[in-house]
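Residue numbers (my numbering), protein chains in the order written: chain U, 1 to 157; chain G, 1001 to 1285.
Take a look at the structure below.
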């Protein structure tokens, strides 16, 4: 099936089997491998991307379902410099092996874009859908708490 | 890549969706958010020939609130319910229960219709439908029919939906402002499927006696159930610690939950008694 959507600001098209997940499409058809796949059935959160600004699991979405939608992956969140959210992760050692990090960053970015004043309970609630196996949850929460100010300053809703 | 091979269709009307389903003799499935179906496909527990995506059926995405209650379109997502401030008054039990559904990313995609049609015995929305005597609106080749939740859920992941039928709306009857209620569930990690959960509501008569008690339980049987024996303990009586203890004990005796890798049946039965006791206390506070 022919599909067209916007990937990280670029209009893209691909010919995919209907069963292709959005995650596989992003990785295999467009070579953007920052979106990580682990469980492939909606448990781990590693494959989280933004579709029309909302955090979703790209393994639980078919590529054919994002026709005409706007998809942003970890590659689309920063240019050459680290974003304040990424810098906060680095500062707080909020990653070790880094496998889960793209999912945490995209999820936290979606949260803070909509709710820049999210408190620690809300942050923990939202991040509860992402697994980290290096036991990084405490520094991850600290990093997201610190990054809130940059989302308030930028006036993003 | 884990899902099996299937075709994909995007109908623009419910009638078109129904005829697509009817054309495959039971080998087609409806998809919307896909948050239950995609894992089923990944595990190949479901292997449909055709997926019929309801994406273009915008009418099914509305939350309608009127004098006769709350009507949730099949495509209403958990985040839509969370974001609808009217529901805190129009159906506080629903609003509270939906806070427990899955995780952030899934709440942005998962739908009322998907959860109810999937009929996981541990899921919150089927539990609320069962507790609140919801009426299901179902459209199929033979026309539209309305079915009570009690008849809709027929077993584990099983409903009365025919292969050519689509659940289009869940209607929760009107909620009196003074109604008492509680929703409690227990899961090892918030957002995961509950080991057990209890939804309850009741009204009080002029003598402060409980009337019309409804108690639903999830995660303790092959489908969401009502704890009618515990309801009978409550009805006609004033709330007291003694009554709560009696209702909790009756609830525990009246169920026989299955054992699985998550918990033994006896533990789940004890959980229901504890959750019911806490819920009744909370509702009376």
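Heads up, the beta-carbon is just placed ideally off N, CA and C, and yes, glycines get one too.
The structure presented is a predicted model; accordingly, all values stated were derived computationally and were not measured.
Of the candidates G/1261, G/1238, G/1195, the residue whose Cα lies closest to the Cα of residue 1206 of chain G is G/1238.
When DSSP assignments are scanned along the stretch 1086-1167 of chain G, the uninterrupted stretches of beta strand (DSSP E) that are 3 or more residues long and fall wholly within it turn out to be 1135-1140, 1143-1148, 1153-1155. Ranking G/1138, G/1074, G/1045, G/1226 by CA distance to the CA of residue 1164 of chain G puts G/1138 first. Assigned with DSSP and collapsed to three states, residue 1053 of chain G falls in strand. When the beta-carbon positions are compared, residue 1180 of chain G and residue 1284 of chain G come within less than 8 Å of each other.
At a cut-off of 8 Å between beta carbons, residue 48 of chain U contacts chain G.
For residue 1193 of chain G, no beta strand (DSSP E) encloses it, and the DSSP letter there is neither H nor E. When rounded, the separation of the alpha-carbon atoms in residue 1129 of chain G and residue 117 of chain U is 34 Å. Nearest CB-CB separation between residue 117 of chain U and chain G: not below the 8 Å threshold.
Taken through DSSP and simplified to helix, strand or coil, residue 91 of chain U comes out as helix. C-alpha of residue 22 of chain U to C-alpha of residue 1059 of chain G: approximately 26 Å in a straight line. At a cut-off of 8 Å between C-beta atoms, residue 1103 of chain G counts as an interface residue with respect to chain U.
A distance of 8 Å or more separates the beta carbons of residue 132 of chain U and residue 123 of chain U. Against chain G, a Cβ distance below 8 Å from residue 61 of chain U picks out 1034, 1038, 1109. A direct Cα-Cα distance of roughly 8 Å separates residue 103 of chain U from residue 36 of chain U. In the DSSP assignment, the residues bridged to residue 1210 of chain G are G/1204. Ranked by how close their Cα comes to the Cα of residue 1070 of chain G, the residues G/1108, G/1023, G/1134, G/1077 have G/1134 in first place. If you look at residue 3 of chain U, you'll find it in the beta strand (DSSP E) that goes 2-7. Within the stretch 1167-1192 of chain G, 1189, 1190, 1191 place their CB atoms closer than 7 Å to a CB of chain U, listed in sequence order.
For the pair residue 71 of chain U and residue 127 of chain U, the CB atoms are not nearer than the 8 Å cut-off. If you draw a straight line from the Cα of residue 79 of chain U to the Cα of residue 1014 of chain G, it comes to about 44 Å.
For residue 107 of chain U, the residues of chain G that pass the 7 Å Cβ criterion are 1104, 1105, in the order they occur in the chain. For residue 1008 of chain G, a Cβ of chain U is located within less than 8 Å of the residue's own Cβ.
Residue 1230 of chain G sits close to residue 1215 of chain G, with the two beta carbons spaced by under 8 Å. Going by DSSP, residue 153 of chain U is part of the alpha helix (DSSP H) stretching over 137-153. In this structure, residue 1131 of chain G places its C-beta atom within 8 Å of the C-beta atom of residue 1199 of chain G.
Residue environment analysis places residue 1100 of chain G among the buried positions, since at least 16 neighbouring C-beta atoms fall within 10 angstroms of its C-beta. Along the length of the stretch 1028-1087 of chain G, whole beta strand (DSSP E) runs at least 3 residues long occupy 1028-1031, 1050-1053, 1063-1066, 1069-1073, reported in chain order.
Nearest Cα to residue 1091 of chain G within the set G/1154, G/1125, G/1119: G/1125.
Within the model, the alpha-carbon separation for residue 58 of chain U versus residue 1244 of chain G is close to 46 Å.
Residue 10 of chain U is bridged by DSSP to U/7. Interface flag for residue 1051 of chain G against chain U is set, since a Cβ pair is found closer than 8 Å.
Only exposed fits residue 1043 of chain G, as fewer than 16 other CB atoms lie within 10 angstroms of its CB.
In the pairwise beta carbon analysis, the stretch 39-54 of chain U is classified as touching the stretch 101-115 of chain U: at least three pairs are separated by under 8 Å. For residue 1009 of chain G, the enclosing beta strand (DSSP E) stretches over residues 1007-1009. Interface annotation, residue 1005 of chain G: in contact with chain U, CB-CB separation under 8 Å.
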